[in-house]
Amino acid sequence: MRLFVALDVPDETRRALGGIIQKFESVCRGARWMRAESIHVTLKFIGHVEETELPAIKECLAKVKLGAPIEIAFGNFGFFPNERRPHVFWLGIEAGPDLAALAASISSALQPIGIPREERAFRPHLTLARFKTEKGLPKLREMVAPLAHRSFGNTVATQFHLYESVLNPSGAVHTKLASYRFAEGATL
201 MRLFVALDVP DETRRALGGI IQKFESVCRG ARWMRAESIH VTLKFIGHVE
251 ETELPAIKEC LAKVKLGAPI EIAFGNFGFF PNERRPHVFW LGIEAGPDLA
301 ALAASISSAL QPIGIPREER AFRPHLTLAR FKTEKGLPKL REMVAPLAHR
351 SFGNTVATQF HLYESVLNPS GAVHTKLASY RFAEGATL
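Take any residue in the sequence shown, note its place counting from 1, add 200, and you have its number in my numbering.
Following this line, the structure appears as structure tokens:
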């Protein structure tokens with residue numbers, strides 16, 4: 201099984217991004233574009249595990265708690281590692297330090313069962329595309345510029361989810377396996 205832990209994205213944000221992706225995809229054919237329904241905020245990529253490890257993973261995740269819900273805003277496009285030679289095209293996330301604290305808590309909770317802690321700094325984003333070639337990249341940059349300050353909505357997160365990701369030629373299919381309330385007074 202290939203697993204990851206993530207926050208869901210509001211339906212309004214998914215719909216708005218779906219329309220934008222459709223426009224960008226038509227001019228930038230050098231990228232593999234995400235399906236809007238697959239977009240999420242990754243908190244921890246676990247990777248491949250045996251199905252027998254699933255109960256222990258679920259038990260560890262159930263212990264993760266944070267004092268309050270997390271306010272999140274979606275906006276500002278960017279590229280990893282940079283705009284000149286991108287590998288990933290993303291939409292930014294603005295949130296307080298609690299979002300990074302949640303990701304760190306999840307990583308720490310999984311470490312005792314042999315899932316390594318994340319070494320890289322947490323940089324929250326929504327992956328929109330991964331580049332195979334640079335075909336259409338100049339036109340994409342041109343189309344992104346006027347949208348620099350556009351908001352794609354906001355949300356208040358109170359729970360995170362464990363997903364299984366199955367890779368297919370048409371793109372990954374994500375299945376929600378479990379949900380975890382991390383904020384006091386939050387309901388599922």
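Cβ coordinates follow ideal geometry from the N, Cα and C atoms, glycine included.
{"Asked": "Continuous alpha helix (DSSP H) stretch holding residue 341: start and end", "Found": "337 to 344"}
{"Asked": "DSSP state of residue 216 mapped onto helix, strand, coil", "Found": "helix"}
{"Asked": "Same chain, Cβ closer than 7 Å to residue 352, five either side skipped, listed in chain order", "Found": "213, 216, 217, 274, 275, 291"}
{"Asked": "Three-way DSSP call (helix, strand, coil) for residue 263 in this model", "Found": "coil"}
{"Asked": "Those runs of the beta strand (DSSP E) which lie wholly inside the region 248 to 330 and span at least 3 residues", "Found": "270 to 280, 288 to 295"}
{"Asked": "Residue 264 vs residue 201 beta-carbon contact at 9 Å", "Found": "no"}
{"Asked": "N-terminal and C-terminal residue of the beta strand (DSSP E) that residue 382 is part of", "Found": "Per DSSP, residue 382 belongs to no beta strand (DSSP E) and is neither H nor E."}
{"Asked": "One or two residues paired with residue 205 in a DSSP bridge", "Found": "244, 362"}
{"Asked": "Burial state of residue 324 (16 or more Cβ within 10 Å)", "Found": "buried"}
{"Asked": "Contact between the region 329 to 343 and the region 225 to 237 (3+ Cβ pairs under 8 Å)", "Found": "yes"}
{"Asked": "Residue from 301, 221, 271, 294 whose Cα sits closest to the Cα of residue 243", "Found": "301"}
{"Asked": "Inter-stretch contact at 8 Å, needing at least 3 Cβ pairs: the region 336 to 349 / the region 293 to 300", "Found": "no"}
{"Asked": "Residue(s) in a DSSP beta bridge with residue 376", "Found": "363"}
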